[in-house]
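Inspection log for the structure reproduced underneath, given as structure tokens.
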Amino acid sequence: MTAGFAAVAATALVLSACTSSPGGDDPTTGESSSDTADPSAEPTEAYEGTDKQDLGDVTTVDDQISYSLGEDEWLGYNGNTPETYSTYNSVVNDRIQSGFTYFGTDGTIYVNEDLGNVELVSEDPMVVEYTIADDAVWSDGTPITYDDALFSWATQAIADGQDADGADVPLFNYVGGLDLGSRTTAPVGEPGGKTFTLEYTNPYPDYMISTLMQFPLHVAAEQAGTTSEDVIAAIEAADVEALRPVAEFYNTGWLSPTPGTLPDEAIALSSGPYVLSSWEAGQSITLEANPEWWGTPPATSTLVYRFAAAETQVQALANGDLNIIEPQATVDTVSQIEAIGDSVTLLTGPSLTWEHLDFNFNNGPFATSLPLREAFAMCVPRQLIVDNLIAPIDPEAVVMNAREVFPFQDNYEDVVSQSYDGRYDEVDIAGAQAKIAESGVAGPIDVRIGYSAPNARRTEQVALIKDSCDQAGFNVTDVGNDAFFDQTLPNGDYEVALFAWAGSGQIASGLSIYSTGGGQNYGGYSNADVDAAWQALSSTLDPAEQQAEIVTIETNLWDDLYGIPVFAHPGVTAFDSTIQNVRDTATQSTVAWNAEQWVRAN
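Residue numbers (mature numbering (1 follows the signal peptide of the UniProt record, and there is no 0)): -17 to -1, 1 to 585.
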């Protein structure tokens, strides 16, 4: 993957949970009539495709468009570590780091023809051929080549010995661990070349989104005091000691721990339509058009990503301080946007982002007690949460009873009917009290629910949960804070974590979330049957076999109570009506998925 993103509205972490489910039905994208084939022309009919529209000959307009997803700071150029893999980071990095593919508005995977091509050339053995555009260069003018792809593969494949349990320890701090390396042999190509192949040991359904182009090898080599040629030789020989300085730079040198301090432009190179320009801590980060960009020119010269708190976004849009927002969908927010009038366009539609409550299996009362987890699930008022907070925005909203499929997808009912028996559909206080008694733990049982705050909707959810679960014998405490994703969650300072995974069209994105030792398995859950099912799911191209494994996974996650799914997020986007080519999406990519196409009419 991408993996899943943990999301705030969106993962993201809006982490982007960079994450979770396969796409099914084509969700309504709610595209605006301001989409047009010519950025300088008057609005025409809405574009009906789910890919990026061909805008014809584009001339970059000297203008500025501002957008906000939320108030979280940018975390760094390397957004592939477990600590930085988030939607908030990706909305910026996706404009400066080109990949071979991208997600359309419905989760369909499309080839990014600006960078090159991806083609499955053999199924047995499974071999994928990559072609890099002849004129593709980093923003310092260095050609993008096979060398960079090999480096990307190595960050996901080279182990630094084993831990006490005999598991391989990654040399590079990559969010997906060594998954790609476990599935493939090293890419085959010529140093400095523009084509290479990647062979998989078993069929892999998500091959189109394997990450094989993000960071410049020549920069990492130079910063490590060596050369690209020597790094390539070390990768081919799996020489860990020779690669260690390169890994140290990868793990730390492309991070930005001091907000407001951009990395040196010679280090944080762009392979996309924009380059990093400026960063004002707590306020915004600005991108400017990349003068070395070889693809379709960006429609607007300057993009400003503002770190705006959710409660300020609608007013900022009305005032013109923000041009595009993607706020959390609340009844009040939608009403406020509608009240602005015709100067603002409102888009709504289903999303592949879903809310969940996850238990801490590393420590605390739920870690080793299934009865306590069951008791908590019995008292969480999921239907009340949906009725009060989601249904007024989306009358079709339902309680979500799966993790890997969504209510608007064709196979949802089939999967749920085989994996979940409705045992937590209704609040059962008496049943919860009985389960607490069965656990042998004396009450009241303290339960800290952590989430990224401020977040009005999550605050309301916790209040509803407390009203219900305190009756059963729990003492629920709201510990939402603004350091949830970078401190509370990784440090395990919670009993229950409340956030969202933002999905895409990936089939096996949950592998890093639910498998033992997975990079996004923050709660420390482990089940050998789930691990085996994920391996089987991620090793077949057969849709029927994939669904069978999803049913196995869902069944075990319900029986173990990894966590509690609550609802799929309704998507809300609002923007200045004079801006064209703004198209919402159901995926984790956010409305900024085609930000290089945004342009103000005339």
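Even for Gly, the Cβ is constructed at its ideal location relative to N, Cα and C.
- By the Cβ neighbour-count rule, P348 is buried, with 16 or more other Cβ atoms within 10 Å of its own.
- In its chain, beyond the 5 residues on either side, V398, Q401 and S402 have a beta carbon closer than 7 Å to the beta carbon of V534.
- Judged by their CB atoms, N306 and S49 are nearer to each other than the 7 Å cut-off.
- Secondary structure remark: continuous beta strand (DSSP E) runs of at least 3 residues inside the stretch 314 to 382, in chain order: 327 to 342.
- It is roughly 53 Å from the alpha-carbon of V424 to the alpha-carbon of L181.
- If you draw a straight line from the Cα of T67 to the Cα of G99, it comes to about 27 Å.
- Close CB contacts of Q529 within its chain, under the 7 Å cut and outside five residues either way in sequence, are with P188, I490, L520 and T523 (chain order).
- Under the three-state reduction of DSSP, S261 is assigned to strand.
- DSSP places F457 in the strand class (E or B) of the three-state scheme.
- Counting only runs of 3+ residues, the beta strand (DSSP E) found wholly inside the stretch 452 to 525 occupies 457 to 461 and 479 to 485, in chain order.
- With contacts defined as CB atoms closer than 7 Å, F389 and A551 qualify as a contacting pair.
- Relative to A119, the option among Q416, D77, T194 and P256 whose CA is nearest is P256.
- In the DSSP secondary-structure assignment, T269 is bridged to S261 and V287.
- Going by DSSP, S49 is part of the beta strand (DSSP E) stretching over V44 to G53.
- Under the three-pair Cβ rule at 8 Å, the stretch 311 to 331 does not count as touching the stretch 154 to 163.
- In the same chain as A584, and ignoring 5 residues on each side of it, the C-beta atoms closer than 6 Å to its own belong to T561 and Q563, in chain order.
- Within the stretch 178 to 254, complete beta strand (DSSP E) segments of at least 3 residues are found at 178 to 183, given in chain order.
- Per DSSP, Q296 is not a residue of any beta strand (DSSP E); the alpha helix (DSSP H) it occupies stretches across A293 to N302.
- The continuous beta strand (DSSP E) containing E102 extends over residues G99 to E106.
- Counting other Cβ atoms within 10 Å of its Cβ, D40 stays below 16 and is therefore classed as exposed.
- Excluding sequence positions up to five before and after D146, its CB lies within less than 8 Å of the CB of V152, all in the same chain and listed in chain order.
- The three-state secondary structure of Q392, taken from DSSP, is coil.
- Going by C-alpha positions, P548 is about 38 Å away from A169.
- By alpha-carbon distance to T125, the top candidate from F83, S254, T33 and T178 is S254.
- Under a 10 Å Cβ-count criterion, N474 is classified as exposed, with fewer than 16 other Cβ atoms of the shown protein chains found around its own Cβ.
- By alpha-carbon distance to L494, the top candidate from I215, N510, A216 and I79 is N510.
- Annotated three-state conformation of A147 is coil, per DSSP.
- By the Cβ-count criterion, S498 is buried, with 16 or more other Cβ atoms from all chains shown falling within 10 Å of its own Cβ.
- DSSP, reduced to helix, strand and coil, places F86 within a strand of the structure shown.
- In the three-state reduction of the DSSP assignment, R440 falls in the helix class, which pools H, G and I.
- In the three-state reduction of the DSSP assignment, T168 falls in the coil class, being assigned neither a helical nor a strand state.
- Here G160 carries a coil assignment [DSSP, helix/strand/coil].
- Excluding its 5 nearest sequence neighbours in each direction, G87 has C-beta neighbours in its own chain below 7 Å: T33, D34 and Y93, listed in chain order.
- Annotation for D130: the continuous alpha helix (DSSP H) segment containing it runs Y129 to A137.
- By the Cβ criterion, the stretch 423 to 440 is in contact with the stretch 465 to 485, since at least three pairs of Cβ atoms, one from each stretch, lie closer than 8 Å.
- At a Cβ-Cβ threshold of 7 Å, V363 and A380 do not count as neighbours.
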